[in-house]
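The next block holds one structure in the form of structure tokens; read it before the comments.
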Amino acid sequence: MTLHAGAPMPDSLRHFMRAGQHPARSVPCPHCGAGAHRPCQLRKSGRILTQPHPQRVSAWAKATACCPECQVEPGTPCHDEGRARTTVHNRRYQEAEATAA
Numbered sequence: 000m001t002l003h004a005g006a007p008m009p010d011s012l013r014h015f016m017r018a019g020q021h022p023a024r025s026v027p028c029p030h031c032g033a034g035a036h037r038p039c040q041l042r043k044s045g046r047i048l049t050q051p052h053p054q055r056v057s058a059w060a061k062a063t064a065c066c067p068e069c070q071v072e073p074g075t076p077c078h079d080e081g082r083a084r085t086t087v088h089n090r091r092y093q094e095a096e097a098t099a100a
């Protein structure tokens with residue numbers, strides 16, 4: 000049996016291989032520390048979760064979409080009249096999901 004050192008998988012192909020996963024898994028989870036493309040897990044028991052933590056979904060939306068409500072660019076936190084928010088606006092979630100589709 001011969002072992003082959005395969006070529007790295009192109010990002011376009013990797014995207015379709017992970018099509019069943021939530022797109023928020025493309026960013027690291029700020030809650031449990033799971034790396035990009037790794038599932039979230041419970042910190043105490045280590046149990047693997049089927050869905051990402053809400054903090055990860057918020058970080059993904061912040062990283063990938065502009066916010067139509069407060070008019071900020073990707074990577075910039077949402078704000079309410081100048082006061083920073085800990086989460087993103089609901090419309091930004093919708094924008095990120097539309098972008099990922």
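Just so it is clear: in the sequence shown, position 29 is 28 by numbering that gives the first Met the number 0, and no numbers are missing.
Even glycine gets a Cβ: it sits at the ideal position worked out from N, Cα and C.
Remember, it's a predicted structure, so these values are computed and weren't measured experimentally.
Problem set entry | For Gln54 and His36, believed in contact at Cβ under 8 angstroms, the rounded distance | The C-beta distance from His36 to Gln54 rounds to 17 angstroms, too long to meet the 8 angstroms contact threshold.
Exercise. For Ala83, does the three-state DSSP call read helix, strand or coil?
Worked result: Ala83: strand per DSSP, three-state reduction.
For this session: Indicate whether Arg91 and Ala64 have their beta-carbon atoms separated by less than 7 angstroms.
Result: Against a cut-off of 7 angstroms, the Cβ pair of Ala64 and Arg91 comes out as a contact.
Exercise. Distance, Cα to Cα, Ala99 vs Thr85?
Worked result: Rounded to whole angstroms, Ala99 to Thr85 spans 22 angstroms at the Cα level.
Exercise. With 16 other CB atoms within 10 Å as the buried threshold, where does Pro22 fall?
Worked result: Note on Pro22: 16 or more other CB atoms within 10 angstroms of its CB, so buried under the neighbour-count rule.
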